[in-house]
Amino acid sequence: MSSSTRFARLLPLVVVGASLLAVSGCTAVGPEAGASSSAAAPATAAAPAAPAASGTASSQTKATACTILGSSLQDLSNSLQSAYSKYATDPKAAVTALQKVSATFQSSVAKVTEPGATALATKAEGDLQTLISDVQNAVNHPITGAAAVQKLLPTLESDFTKIGSYCK
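For the sequence shown, the working numbering assigns the number 326 to the initial residue and increments by one for each residue that follows.
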């Protein structure tokens, strides 16, 4: 019980932090996103997986990609808050909620074909998957698992900040 209490104290920080990051990343994302920005996204460590199955990978505008991501990040923020509210009474339900959030985000990422946005979104999606895995581990092993969750937060913050900056 005490180990789950320790994790219960950590999860709100994770959820609130990620929610705030997602929302702050969204503030620069919208219908006019990309209209005045000429900055290119820096290359990330690995090239993203092959673009979506459609043959129009290069025809999507930055503004369209950013609109898709902005909507998805807002949903992500709301869902993370919901996961937090479930954690107090049912930690496994919170993990399930995070998995649902991830599936929704994956669906949005799959719709993004603009190369710069794809690279950033793919990295964020991968790190979100790692967060879910780490949270699952923390539910089962609060002491060691919580440290992994805490360690990943700066990476997620960076991911969402980069998306927000790219979409300004």
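For each residue, glycine too, the CB sits at the ideal point set by N, CA and C.
Three-way DSSP call (helix, strand, coil) for residue i in this model
i, result
"residue 437", "coil"
"residue 386", "coil"
Inter-residue spacing [alpha-carbon to alpha-carbon] between residue i and residue j
i, j, result
"residue 434", "residue 443", "7 Å"
"residue 475", "residue 390", "30 Å"
"residue 481", "residue 415", "24 Å"
"residue 406", "residue 488", "20 Å"
"residue 431", "residue 466", "27 Å"
"residue 462", "residue 395", "29 Å"
"residue 425", "residue 404", "8 Å"
"residue 440", "residue 409", "33 Å"
Near the ligand HEM: residue i beta-carbon under 8 Å from a heavy atom
i, result
"residue 464", "No copy of the ligand HEM occurs in the structure displayed, which carries no ligand at all."
Start and end residues, alpha helix (DSSP H) containing residue i
i, result
"residue 415", "Note, residue 415: premise wrong, no alpha helix (DSSP H); not H, not E."
"residue 493", "Residue 493 -> no alpha helix (DSSP H), and no H or E assigned at all."
Beta-carbon proximity list for residue i, same chain, < 8 Å, skipping 5 on both sides
i, result
"residue 417", "464"
Same chain, Cβ closer than 7 Å to residue i, neighbours up to 5 away in sequence not counted
i, result
"residue 400", "429"
Own chain partners of residue i with C-beta closer than 6 Å, once the 5 adjacent residues on each side are dropped
i, result
"residue 456", "477"
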